[in-house]
Amino acid sequence: MRITTTTATATALAAVMLAACGSDDGDGGDDSSSGTSSIVWDMWAGSEEDTAFLNDTLEIVRAENPDIDVQLQTAPWNDYFTKLTTNLSAGNVACVTSMNGQRLSSYAEAFMPLTPEDLETAGLSEDDFVDGALDIMTHDGQLYGLPFDVATMLVYYNKDMFADSGAPEPQIGWSFEDFESAAQSVSTDDHKGFGIGMAEFQWMSLPIAMSGKQPVDEEGNLALTDPDFVDAATWYAGLVTEQEVAAPPPSASETGWGETEYAAGNVAMAVDGTWNAVTYLNNDTGFAAGMTNLPAGDAGSTALVLGSGYGIAADCADKEAALQVLGSLLGKDAQDAMASSGRSYPARAESQPLYFESLDDAVRDEVQAAFEAAFADVEGQRSTDDWDQVNTAIQPQLVSVYTGQAGMGDMLEQVQQQFGN
Amino acid sequence: MPTPAMLTARPRRRRVSGLKKAETRQALGFISPALAGLALFTVIPVVVSIVMSLHNWPAFGERSFAGFDNYRNLFTQHPDFWPALRNSAVFTLLYVPINLVVALALALSLSPRIRGRGAFRVLFFIPVVTPIVANALVWKMLLQPQGLFNGVSVSLFDIQLPNFLAHPQWAMIMVVVMSVWQGMGYNMLIFSAALEQLPTSVVEAARIDGARGWRMIRSVVLPMLSPAIFFATVMTIITSLQVFAQPQLLTGGGPGNATMPLVQFIYNQGFKFQDLGLAASAAWVLFVLIIMVTAVQFKAQKRWVHYEH
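In the order they appear, the protein sequences are chains A and B.
Quick note: our numbering has the first sequence finishing at residue 431, numbered continuously throughout.
Quick note: our numbering has the second sequence finishing at residue 748, numbered continuously throughout.
Put into structure tokens, the structure is as follows:
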């Protein structure tokens, strides 16, 4: 009898362990026993402030949807897409999932295409968003989500360094000659004039602006070897290797090299997105930060509209509840909160002015002028299905290019061969 | 007429077999959680990974049977696979001997005559237990052009050091140096423990025969340490073929693919390029490589490992 009890206990224990291992976190969107819907909102967050802000947004969403149990789950930006990939392969994607516009092409099939009726269910309309913003979450002519912010790249500069060197500060509408002379005159023995970029648009924006060409052609084919783009990219690498106005990154793991150097007050200029404007204005290093649009090349000023949005997972069980959460996340209150906290430039047109109102009087007009100039002429970013992989392949090679061990043209040719067919 | 002993014998045998059965049931009960765990976390994933390696298996989307295409792709087409294999081999060839020599030297020098050797052991063991992310950050700060090494070199000797982590050869050397610093403490502890177990009779006999210094180490200590050295070698080679965190954090596998070992290649294919089939086939190549290297070591050990004292 005792033996049977022991065996039964052990078996029961094993069963409990197995059940525990196999239990689902309920990420999908199952109806819980109480009858209310449960929706998980997946978002990237790198710091405690990020998470605190998202929790505030979560409160807005919960207040607007008392019958839906909304849960927030976060991962740092660098891990977010790895985690998303893992969740996708496990069929465990959160109903409301955040997506970066540049990466949408790789993940489009994970999302449910949105129809005008869906927008209506969410209580939203296409007219709520600024012109071109819906392109951010559009792939192959199909809307896969709605944007929460719009962004483009800016040149940020250190006003103190420009004042020390006596060089004129970059002006809206400047040219590449102006950029070169600024970088040279502000470079000293102590610091370089420019922080060279390693990440996607942090490095690509200047070559795109200079050549007027995107590295993906209008048919959606990878065009890294377009002669104009190669020339411009070669010029960009020459900022390190020839003009020596920028220092090469110390390692391929320094994925945010130029921007980090700028934020640390080690270089006078860097290219980064509008999403970091407020971070730079309030930088911990304590320098006065300025910003302006990208310099104009021979083809005029070419800048891309970037941004991120929220989509509904393709296998979301409770689409209606997910759409309601989406509607609240992109509703006036949540977008106003995003704008007035200065965290990001909202995609909702009526919320945008609040972004500038949140800024300090001393910098407001300047930031607004830079944003208006930068967004004036933006075009949609084209990408291929494996755009994310292309960038992953380019990044470690950039170090070899910047240190002069490889040519920019050769490197682009090699990546084009690997991904171009 | 049966003796009392014979009478009692039969029922006893039956009792024994009954007990055996019960014990078997009991044992099964006890090992069932472990068996379930083994099946769930080892056997099933292993089988699934074989299946994956024979398929085009994107992280999400359509899967299709591919036969040995993934393996063919790895060996004949993929631009990063052979460099990754080469990098793993180079890392192992540099890391294992240096690690073993340094660990052995540390263990020998921390002899019982040294005062406070416990404290020294703890010191040398600290890098093993500190998080690798913190270690890599500190090494980055030392090695980058604006870092400590270059700063000291320029200010004292006016010599500009190379950009260690962005130079293809230097980057690999620095990954090895950091790994040795991080890993030597573990082998040192194994060797120290083995040194303390040396039979005093043998050591004393050798000493009476006049063995001293290097002669003592080469002819007496090392042969007697050989089981520990063998164990350390096998384990260190396995961990060095599996190296991932050091290059991932220190160099990002770069410049180019100069420091990307096989495991990082597998990680990139699986989680960055979302090709789980290719990643699984590369993982099997790594597995076969490790098994082969380990089998060769076990074969070779008969020549140099002495188990009897």
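Ideal placement from N, C-alpha and C gives every residue a C-beta, glycine not left out.
- In the DSSP assignment, V482/B falls outside any beta strand (DSSP E), carrying neither H nor E.
- K342/A and M122/A do not touch by the CB rule: their CB atoms are close to 24 Å apart, not below 8 Å.
- Using a C-beta cut-off of 8 Å, the segment 719-735 of chain B makes no contact with the segment 648-668 of chain B, since fewer than three inter-stretch Cβ pairs fall below that distance.
- Counted as a single uninterrupted DSSP element, the stretch harbouring W184/A is not any alpha helix (DSSP H), since DSSP gives it neither H nor E.
- Under the criterion of beta carbons closer than 8 Å, N538/B and M699/B do not qualify as touching, at roughly 21 Å.
- Within the segment 157-223 of chain A, the runs of beta strand (DSSP E) at least 3 residues long that lie entirely inside it are, in chain order, 163-168, 202-205.
- Listed along chain B are P518, each with a C-beta nearer than 7 Å to that of Q428/A.
- Residue contact check for Q599/B against chain A: no CB pair falls below 9 Å.
- When the alpha-carbon of A55/A is set against those of R353/A, A280/A, A287/A, the nearest one is in R353/A.
- The C-alpha of G500/B is placed about 46 Å away from the C-alpha of G586/B.
- Separation of the CB atoms of F704/B and A575/B is rounded to 19 Å, and the pair is thereby denied contact status at 8 Å.
- Taking a cut-off of 8 Å for Cβ pairs, the segment 552-563 of chain B and the segment 684-694 of chain B do not touch, as fewer than three such pairs fall below it.
- Interface residue (Cβ-Cβ distance to chain B less than 9 Å): A262/A is classified as such.
- Taken through DSSP and simplified to helix, strand or coil, Q681/B comes out as coil.
- In this structure, the straight-line span from the alpha carbon of D128/A to that of D395/A is close to 25 Å.
- The C-beta of V409/A comes closer than 9 Å to at least one C-beta of chain B.
- Here I565/B is exposed. Its C-beta has fewer than 16 other C-beta atoms within 10 Å.
- Across the structure, K93/A and A132/A are spaced so that their CA atoms are roughly 27 Å apart.
- Secondary structure of P123/A (DSSP, three-state): coil.
- Positions of the alpha helix (DSSP H) runs, each at least 4 residues long and wholly inside the segment 84-128 of chain A, are given as 87-99, 114-117 in order along the chain.
- G506/B has a beta carbon lying at 9 Å or more from every beta carbon in chain A.
- Counting along the chain, I49/A sits inside no alpha helix (DSSP H); it lies in the beta strand (DSSP E) bounded by residues 47-54.
- The three-state secondary structure of M147/A, taken from DSSP, is helix.
- If you check the CB distance, T265/A and Q713/B do not come in under 9 Å.
- Against chain B, a Cβ distance below 7 Å from S115/A picks out nothing, because the smallest value is about 12 Å.
- At a cut-off of 3 residues, the continuous stretches assigned as beta strand (DSSP E) that sit fully inside the segment 373-426 of chain A are 388-390.
- Taking a cut-off of 8 Å on C-beta distances, the segment 586-601 of chain B does not touch the segment 543-552 of chain B, as fewer than three cross pairs fall below it.
- In this structure the segment 664-678 of chain B touches the segment 627-644 of chain B; the number of beta carbon pairs closer than 8 Å is three or more.
- Close to Q399/A, with beta-carbon spacing below 8 Å, are these residues of chain B in chain order: K711, F712, Q713.
- When the beta-carbon positions are compared, A323/A and N168/A stay at least 9 Å from each other.
- When DSSP states are grouped into helix, strand and coil, Y320/A belongs to the strand group.
- Shown here for G709/B: same chain residues with a beta carbon closer than 7 Å to its own, the five before and five after excluded, namely L715, A718 in chain order.
- Among the bridge pairs identified by DSSP, N495/B is matched with S503/B.
- The criterion of a C-beta distance shorter than 9 Å is satisfied by L369/A and L291/A.
- For the segment 475-495 of chain B, residues whose beta-carbon sits nearer than 8 Å to a beta-carbon of chain A comprise A475, G476, L479.
- DSSP places I598/B in the coil class of the three-state scheme, outside both helix and strand.
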